[in-house]
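Some notes on the structure that comes next.
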Amino acid sequence: MPAFKKFVQTGRIARCARGKFKGKLVSIVDIIDQTRVLIDGPLSGVPRQQYPVNHLYLTKFRVKFPYTAPTRVVRKSLEAFNLKEKWTSTQWAERAKAKHARVSLTDFDRFKVRVARRQRNRLVTPVFYKLKKEAARTGFLFGKPVKGTKPSPKKNPDKVKKKKVVKKTKKVAKK
3 MPAFKKFVQT GRIARCARGK FKGKLVSIVD IIDQTRVLID GPLSGVPRQQ
53 YPVNHLYLTK FRVKFPYTAP TRVVRKSLEA FNLKEKWTST QWAERAKAKH
103 ARVSLTDFDR FKVRVARRQR NRLVTPVFYK LKKEAARTGF LFGKPVKGTK
153 PSPKKNPDKV KKKKVVKKTK KVAKK
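In structure tokens form, the structure reads like this:
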């Protein structure tokens with residue numbers, strides 16, 4: 003199994019990490035040198051430009067189009083690839099959307115979230131401690147039996163294999 007699966011290559015979809023276009027999806031059109039690439043993002047509003055590789059997050063998606071293709075060809079291949087639908091179905095996009103929602107909360111919204119968490123925790127905490135106490139009593143706290151507690155229930159005797167008992171006989175030495 004190869005160690006790396008995402009390479010800097012023509013057609014690789016990436017996400018801008020810094021600058022004016024932070025968070026936008028772009029496609030790598032050409033590799034200029036070891037540290038810079040030519041990107042184009044016709045669906046996300048990013049113009050064709052050179053961009054440092056260190057400022058890109060490579061995704062698992064790769065689109066096929068000719069080397070140094072013009073913007074109209076890149077747009078056509080991205081639309082045929084259904085990039086927006088595929089991107090929105092990833093966990094990465096869901097986390098980014100949740101992060102954006104958290105950042106854009108107002109002071110009153112943060113207050114409402116704090117109150118809702120308190121209410122949830124007031125319901126969940128007693129149930130958690132009850133289950134924890136029961137687990138400690140039965141000896142299966144953290145999934146392992148604890149010494150000095152009630153033993154675990156016996157297994158079904160039909161399924162338990164019986165051990166063969168080998169009798170050892172003592173040899174008596176004759177005089």
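If you read the sequence shown in my numbering, its first letter stands for residue 3, the second for the next number, and so on.
Backbone N, C-alpha and C fix where the C-beta goes; we use that ideal spot for every residue, glycine too.
Keep in mind that this is a model prediction, so the values were computed, not measured.
Going along the chain, which residues of its own chain have a beta-carbon closer than 8 Å to the beta-carbon of residue 66, five neighbours each way excluded?
13, 79
Residue 62 - DSSP class collapsed to helix/strand/coil
strand
What residues in its chain sit with their C-beta under 6 Å from that of residue 58, if we drop five residues either side in the sequence?
16
Minimum Cβ-Cβ distance from residue 86 to chain B less than 8 Å:
Judged by its chain identifiers, the structure shown contains no chain B, having just a single protein chain.
Where residue 43 falls, given that 16 or more other Cβ within 10 Å makes a residue buried:
buried
Residue 68 versus residue 75: straight-line alpha-carbon distance, rounded
8 Å
Three-state secondary structure (DSSP) at residue 77?
helix
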